[in-house]
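Going letter by letter, the sequence shown gives residues -29 to -1, 1 to 236 in mature numbering (1 follows the signal peptide of the UniProt record, and there is no 0).
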Amino acid sequence: MTFPHMAGNAARRVSTFALCAVLGFSALAMTTGAHSAAAATDDGGIDISITVATPTPTPAVLTPAGGTGTGTGTGNGTLPSTGTGVGRGNSGPTATTTTETSPSTGTGDLGEDSTSLGGAVLLSGLTSSYDPSLNPLGGSLEVKFTVRNISDEPIDASAKFWLTTLIGTKISTEVKDVVGLEAGQSRVVTARLPGVGQWTVVTAHMTFTPPAEVGGVKLVPVSRDRIVFAEPWLLFTILLVAAGAYGVSYVLRSARTVRLPRVTA
């Protein structure tokens, strides 16, 4: 037996359930549509722009074409080249070399210190002249000698000059080339040696190297030495100033001395 109020309640429940189902499906459809729209909107993803730099071409190494020439060059290079030249570089201190080319003809005596080399070459002794300088480390010594060719053929020779102190320290060196000394000619060979300074006593040395052979006669080098006194003006000045200062001091002390007269009772 069905009661009327129970049938009405059942109908209301069915209607409510149907309404809830419709609302649920509607909400689900709306959510799915929104999600689909958002997905459709995001299909493009995140735009990322990447710029790939085109690599710069490696500079080509240009190799200059080789050339042929004659000249004088100074410097270092790394590029290959072909050429003919003369290179110059710096080296340590060496002796200065010059050439004596002022011959004179003469048959006079070269002095008591003259020496004959195999009857082909005649050498005089050394002479010197000191040239002081205001620079305490300066000053130079001019050293010279005369060489005469007494053979019948021209000769080439050289002379090495150097200066030493009392303890043997070498101060300076110079080399002179004697080129083309004709038969019967004489030549004065001069060298200026710097650095005398305040050494006071120095020794000038010279070694003359003749040709190995003249007229079939073998020749050997000959050496000359000369001790020279060079005035040490700086030392003299110091001593003079010291003596003057002592004299002034003595006079002042004497002037300050007061002698009192004796008092007698």
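Every residue gets a Cβ at the ideal spot worked out from N, C-alpha and C, and that includes glycine.
On a predicted model such as this, the values are computed, not experimentally measured, just so you know.
Distance from the CA atom of Gly218 to the CA atom of Arg224, rounded to whole angstroms, is 10 angstroms. Apart from sequence neighbours up to five positions away, the residues of its chain that approach Asp127 with a beta-carbon distance below 6 angstroms are Val150, ordered along the chain. Ala175 and Leu97 do touch by the CB rule: their CB atoms are close to 6 angstroms apart, below 8 angstroms. Beyond the five residues adjoining it in sequence on each side, Leu88 comes within less than 6 angstroms, by CB distance, of Pro181 and Leu190 in the same chain, given in chain order. The beta carbon of Thr135 sits closer than 8 angstroms to those of Lys141, Ile142, Val173, Thr174 and His176, all from its chain and outside the five residues before and after it, given in chain order.
DSSP places Thr208 within a helical segment (H, G or I) once states are collapsed to three. One alpha carbon belongs to Leu210, the other to Val92, and they sit about 48 angstroms apart. Per DSSP, Ile121 is not a residue of any beta strand (DSSP E), being assigned neither H nor E. Between Gly168 and Leu94, the CB-CB gap reaches or exceeds 9 angstroms. Runs of the alpha helix (DSSP H) lying entirely within the segment 123 to 191, each at least 4 residues long, are absent.
Closest by C-alpha distance to Gly187, out of Leu81, Gly90, Ser85 and Gly110, is Gly90.
As DSSP reads the structure, Ser111 sits in a beta bridge with Asp102 and Pro165. Take the alpha-carbon of Ala154 and the one of Arg119: they are about 8 angstroms apart. In the assembly as shown, Thr117 is a buried residue. Its beta-carbon has 16 or more other beta-carbons within 10 Å.
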